[in-house]
Amino acid sequence: MLSRQEKLARLKTIIRRIHGGETDATSLADQAEERAGFESIEAPLPAPPPLARPEDARKGIEKVLTDRDQDVSDDELNGLEAIVLTEGRPAVFIDGGKYGDLPNPWTSLNDPAMRAKIQPLFASIGRVDLPNSLQIPYGGTGFVVGDGLLMTNRHVGALFTAGLGLKNLIYTSGDAAIDFLHERSTRPDDSSASLVVKQVVMIHPYWDMALLRVEGLPPARRPLTLSTASPDDLAGRDVVAIGYPARDIRNDLNVQDRIFGGVYAVKRLMPGKLLRRDSIRSFENTVSAITHDSSTLGGNSGSAVIDVRTGQVVGLHFAGLYLKANYAVPAYELARDPRVVDAGLNFDGKLPPSTDTDAAWARLQDVERVADRSTPPPPPPPPDLSQQQPAGPATGTGTATSVAVGAGAVTWTIPLQVTIAIGQPAAVVQAAVAAPPQAGEVQEKLQVPVIAPDLASRPGYKPDFLGLPNGELVPLPDLTPAGKKVVAKLEDGTSELKYQHFSVVVNKQRRLPLFTASNVDYQPAMRLINGRKPSRKELTGLGPNDQEQWVTDPRIPDANQLPDVFFTKDGGAFDKGHVVRRDDVTWGADFAEMQKGNGDTFHTTNCTPQVAGFNRSANGEDNWGDLENLIQKETSAETVCIFSGPVLADDDRTFQGRDRRGPAEVKIPKAFWKIVVAKGDDGPQAFGFVLEQDLSAVPLEAPLEEFAVPAPWKRFMKSIAEIEGLLHNWVKLTWLKEHDAIGTDQGRRIAEGVRKSGRGVD
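UniProt numbering numbers the first residue of the sequence shown as 1 and each following residue consecutively.
Here it is in structure tokens:
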């Protein structure tokens, strides 16, 4: 949800844009008063109470135009929001192929000659329905662009298609349809204008665009003409976006319901201005999109953005920021991609080809070559690690060798992960197969690392790991009665998710770890195989260009944990931050044990959103690894126990993202805690820390806006009693408080080391 200050700033920009044109912005309030205030637009139900009074809107406009923002009252702010949405940037119904009358400053669109240019286009614009989906009735908007061809967004196409590019796209005929009606007056059982999508022709690897094929298009549904005019020459033009806005959880639902009269998912026309180009993160690319300021909502994905002067499509809407800007794929850029042109689209001219998208297309070639093979490739020779023994004496038991070390198996992508067993299949199981893609997931390079099977056999965190005198244990934190109510439960009623060398307890309300506990062994004998550390490829089975796809833990409900799609649909705002560091638990008596610890960290139960500046050590010197190295150096410890987790504060800001079921609201932690326990000369010592991140630069209300500013972290050494105070009385750290080393000489030296690193210490 937008803050009051940000909402006012965005409304001020729009009001100034209107005021800078031919229309006096204050006249909008007078006009609204004549139209009976700010009630819902053409609502078929009894009108709700007025959203705001015209006099409040008038006063608010006068104040923002004279830079008296601080004097704008809440009632005046509501009036500003209502006036912008109902008068300045309205969304009118399309019924019977005609749109309703538009208010000033859009009265020129009411002219018969203008209607004659715009209204015939409606017959070729429809709603992309998902007949076989029980959760999502429709994915967005599509429109006719060629002979039997429809254009929509890639992220819409990803709801029913697996794959990228032109070849090897996986689609089941009937999973999608296009309905050219779905107007306000259309009967629910009227399917007379619906056609089944027979084929997915293209999922563009660079632009958020997809092409679908249908059969039986009547002559009246002619291809719209795609403009080849440069976006730079179009800035400032009046445009209309035509699509199917849906109720959007990113914005104030009460305001939406009042303004839109509770009527969503029907065809509307939304006028606005075409603005300058702007960069935005779209899937794995940063693209230069065209922007506009029509009042779109979620559900407008795939809307045609039409220049009212020419009647041509200038953009394909794909993302938006409430009251700020909307983003569209420029038709001009599509006309410069030979693969798009060759598909048979109705462009108004021909342009020289561009090389801007060549790299994205080239990335598909290797995947397509593999998928084209009728027989699987020969298995590569297994790495020598599978037969090697650790450099030091073995102190643990081995486990079944997994796919990456060649125990009679090989895994490759076609694009689904497939495991072929040769010899002894019982010893080799691939734990997780890549699920059908969710909307917006990266297809060609997103792969599940090697994860060993049989999670139920994992030992989890071991309290006796440090070998303390007299058999003293380092116990797990204690859940309070309140804590037991908020944690995710396994089938047996317990809450500890046991993995290799670590355990996780999940807060089911926040869908994030409540705390983790891990055993860490720094001894070279536990880290090296024949004198060297295993590579990432050997541990994960992934190539140099592959990205790790995380998996949910089947032992607790999906609703209690965040899926991988949340992080691939966030516009790059967050990294999948390991709570238990991968390197901490990638140790063992043999390679298989190392690989098991490594793979287990890629469960989303061990994941929390962290901005790139902290999570990627290459982007900055400050990360958890620095702290652990400092403690290890100071204590000379060869083994430690580590407890960690996010600080789940009530005032954490909400990020609007996606999960497998659709839109999802997730609060993003702004602080994380860690306690490291080492065996000292005089007994166990516990060192506590809290790291805080600045989320002010993250566009939390819109997952599709680019995030490029690394957020700084502030590192603090804290008493463990203070850390316990941050945990909502869900967890007690009694044993750890008894061994808190913050006041010891070693604690002071570690604090000084933290201070010298350039960060503050309380």
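Positions of the beta carbon are idealized from the N, C-alpha and C atoms, including for glycine.
Could you compute how far the alpha carbon of THR286 sits from the alpha carbon of GLU638?
Translated into positions along the sequence shown, residue 286 becomes position 286. Translated into positions along the sequence shown, residue 638 becomes position 638. Cα to Cα, THR286 sits roughly 44 Å from GLU638.
So, do the segment 589-596 and the segment 532-551 have three or more beta carbon pairs nearer to each other than 8 Å?
yes
Going by DSSP in three states, GLY60 sits in which element: helix, strand or coil?
Position 60 of the sequence shown, counting from 1, holds the residue named residue 60. Helix at GLY60.
Under DSSP, the beta strand (DSSP E) around LEU211 begins and ends at which residues?
Stepping through the sequence shown from its first residue, residue 211 is reached at position 211. It spans 210-214 - the beta strand (DSSP E) in which LEU211 sits, taken as one unbroken run.
How many whole angstroms separate the CB atoms of SER495 and TYR461, which I take to be in contact at a CB cut-off of 8 Å?
Along the sequence shown, read from residue 1 onward, the residue named residue 495 stands at position 495. Along the sequence shown, read from residue 1 onward, the residue named residue 461 stands at position 461. No, SER495 and TYR461 are not in contact; Cβ-Cβ is about 13 Å, not under 8 Å.
Examine the Cβ distances between the segment 457-474 and the segment 549-564 and report whether three or more of them are shorter than 8 Å.
no
List the residues that DSSP assigns as beta-bridge partners of ALA328.
Start at 1 with the first residue of the sequence shown, and residue 328 comes out as number 328. BP columns for ALA328 point to ILE290, HIS317.
Could you spell out the range, first to last residue, of the beta strand (DSSP E) harbouring PRO481?
Start at 1 with the first residue of the sequence shown, and residue 481 comes out as number 481. That residue, PRO481, is in no beta strand (DSSP E); its alpha helix (DSSP H) goes 481-486.
How long is the line joining the alpha carbons of PRO669 and VAL579, rounded to whole angstroms?
Indexing the sequence shown from 1 puts residue 669 at position 669. Indexing the sequence shown from 1 puts residue 579 at position 579. Answer to the nearest angstrom: the Cα atoms are 12 Å apart.
Does the distance between the C-beta of VAL341 and the nearest non-hydrogen atom of the ligand GTP fall short of 7 Å?
This structure lacks the ligand GTP; in fact it carries no ligand of any kind.
Got a sec? Which residues, its chain only, sit under 8 Å from ARG89 by beta carbon, not counting five neighbours each side?
Here the question's residue 89 lines up with position 89 in the sequence shown. Once the five neighbours on either side are set aside, the close Cβ partners of ARG89 are ILE14, MET270, PRO271, GLY272, ASP293, SER294, SER295.
Quick one: using the 10 Å Cβ neighbour count with 16 as the cut-off for buried, is ILE178 buried or exposed?
Along the sequence shown, read from residue 1 onward, the residue named residue 178 stands at position 178. Counting Cβ neighbours within 10 Å, ILE178 comes out buried, since at least 16 surround it.
Roughly how far, in whole angstroms, is the beta-carbon of VAL731 from the beta-carbon of GLY483, given that I think they are within contact range, below 8 Å?
One-based indexing of the sequence shown puts residue 731 at position 731. One-based indexing of the sequence shown puts residue 483 at position 483. Yes, VAL731 and GLY483 are in contact; Cβ-Cβ is about 6 Å, under 8 Å.
My output table needs one value for GLY142: the three-state DSSP class, helix, strand or coil.
Translated into the one-based positions of the sequence shown, residue 142 becomes position 142. In this structure, GLY142 counts as strand in the three-state DSSP scheme.
Residue closest to ALA304, alpha-carbon to alpha-carbon, out of ALA113, ASP71, LEU226:
In the sequence shown, the residue the question calls residue 304 occupies position 304. Of ALA113, ASP71, LEU226, the residue nearest in Cα terms is LEU226.
Pair within 8 Å by beta-carbon distance, GLY243 and THR141
For the purposes of this step, residue 243 is taken as the residue at position 243 of the sequence shown. For the purposes of this step, residue 141 is taken as the residue at position 141 of the sequence shown. For GLY243 and THR141, yes; Cβs fall inside 8 Å.
Alpha-carbon spacing of LEU316 relative to LEU150, whole angstroms
Position 316 of the sequence shown, counting from 1, holds the residue named residue 316. Position 150 of the sequence shown, counting from 1, holds the residue named residue 150. Each residue's alpha carbon lies about 12 Å from the other.
In three-state terms, what does DSSP make of ALA91?
Taking the sequence shown and counting its residues from 1, the one referred to as residue 91 is at position 91. Three-state DSSP puts ALA91 in coil, outside helix and strand.
For ASN729 and THR480, believed in contact at Cβ under 8 Å, the rounded distance:
For the purposes of this step, residue 480 is identified with residue 480 of the sequence shown, where counting begins at 1. For the purposes of this step, residue 729 is identified with residue 729 of the sequence shown, where counting begins at 1. Between ASN729 and THR480 the Cβ distance is about 6 Å, and since that is below 8 Å, they are a contact.
Mind reading off the beta-carbon distance from VAL201 to LEU211? Whole number of angstroms is fine, and I expect it under 8 Å.
Taking the sequence shown and counting its residues from 1, one reaches residue 201 at position 201. Taking the sequence shown and counting its residues from 1, one reaches residue 211 at position 211. Between LEU211 and VAL201 the Cβ distance is about 4 Å, and since that is below 8 Å, they are a contact.
Helix, strand or coil at PHE566 according to DSSP, with G and I counted as helix
By 1-based counting over the sequence shown, the position of residue 566 is 566. Here PHE566 sits in helix by DSSP.
Selected residue, minimal CA-CA separation from VAL64, among ARG10, VAL214, PHE515, ARG458:
Against the sequence shown, residue 64 aligns to sequence position 64. Comparing Cα positions, the closest option is ARG10.
Could you tell me the alpha carbon to alpha carbon distance between LYS198 and GLU215, rounded to whole angstroms?
To locate residue 198, count along the sequence shown from 1; it is residue 198. To locate residue 215, count along the sequence shown from 1; it is residue 215. Roughly 7 Å between the two C-alpha positions.
For LYS737, I'd like the list of residues in its chain whose CB is within less than 6 Å of its CB, leaving aside the five on either flank, ordered along the chain.
Residue 737 sits at position 737 when you count from the first residue of the sequence shown. Within the same chain, LYS737 has close Cβ partners ILE720, ALA721.
For ALA265, which option in GLN595, SER108, ASN300, PRO352 has the closest C-alpha, if you only look at C-alpha atoms?
Along the sequence shown, one-based indexing puts residue 265 at 265. Among GLN595, SER108, ASN300, PRO352, the Cα nearest to that of ALA265 is on ASN300.
Look up THR608 in the DSSP assignment and give the residues it is bridged to.
Residue 608 sits at position 608 when you count from the first residue of the sequence shown. Its beta-bridge partners are GLY577.
Determine the closest residue to TYR327 out of ASN346, PHE566, ARG276, with distance taken between C-alpha atoms.
Within the sequence shown, residue 327 is the residue found at index 327, counting from 1. TYR327 has its Cα closest to that of ARG276, out of ASN346, PHE566, ARG276.
Nearest-angstrom Cα distance between GLU183 and MET114?
Mapped onto the sequence shown, residue 183 falls at position 183. Mapped onto the sequence shown, residue 114 falls at position 114. Whole-angstrom Cα-Cα distance: 21 Å.
Give me the Cβ distance between ASP175 and ASN132, rounded to the nearest whole Å; I'm assuming they're in contact under 8 Å.
Counted from its first residue, the sequence shown places residue 175 at position 175. Counted from its first residue, the sequence shown places residue 132 at position 132. That belief holds up - the Cβ atoms of ASP175 and ASN132 are roughly 5 Å apart, short of 8 Å.
What's the call for THR552, buried or exposed, on a 16-neighbour Cβ count within 10 Å?
Taking the first residue of the sequence shown as 1, we reach residue 552 at position 552. Flag for THR552 reads buried.
Under three-state DSSP, which class holds ALA359?
Indexing the sequence shown from 1 puts residue 359 at position 359. Helix.
Please state if the CB of VAL506 and the CB of ASP584 are separated by a distance shorter than 8 Å.
Along the sequence shown, one-based indexing puts residue 584 at 584. Along the sequence shown, one-based indexing puts residue 506 at 506. Not closer than 8 Å, so no.
Return the CA-CA distance between ILE41 and ASP233, expressed in angstroms with no decimal places.
Indexing the sequence shown from 1 puts residue 41 at position 41. Indexing the sequence shown from 1 puts residue 233 at position 233. Reliability fails at ILE41, whose pLDDT of 29 lies under 50, so the model's placement of it is uncertain and the value that follows must be treated cautiously. Cα to Cα, the separation comes out at about 34 Å.
Using a threshold of 8 Å, state whether the C-beta atoms of ASP208 and VAL314 are closer than that.
Indexing the sequence shown from 1 puts residue 208 at position 208. Indexing the sequence shown from 1 puts residue 314 at position 314. Contact: no.
Report all residues from its chain with a CB closer than 7 Å to the CB of VAL487; omit the five preceding and five following residues, and keep chain order.
Sequence index remark: in the sequence shown, residue 487 carries index 487 (1-based). So the qualifying residues of the chain are LEU479, SER495, VAL505, VAL506, ASN507, LYS508, LEU514.
Nearest-angstrom beta carbon gap, LEU364 and GLY165 [assumed within contact, 8 Å]:
Counted from its first residue, the sequence shown places residue 165 at position 165. Counted from its first residue, the sequence shown places residue 364 at position 364. The pair is a contact, with the Cβ atoms about 4 Å apart (cut-off 8 Å).
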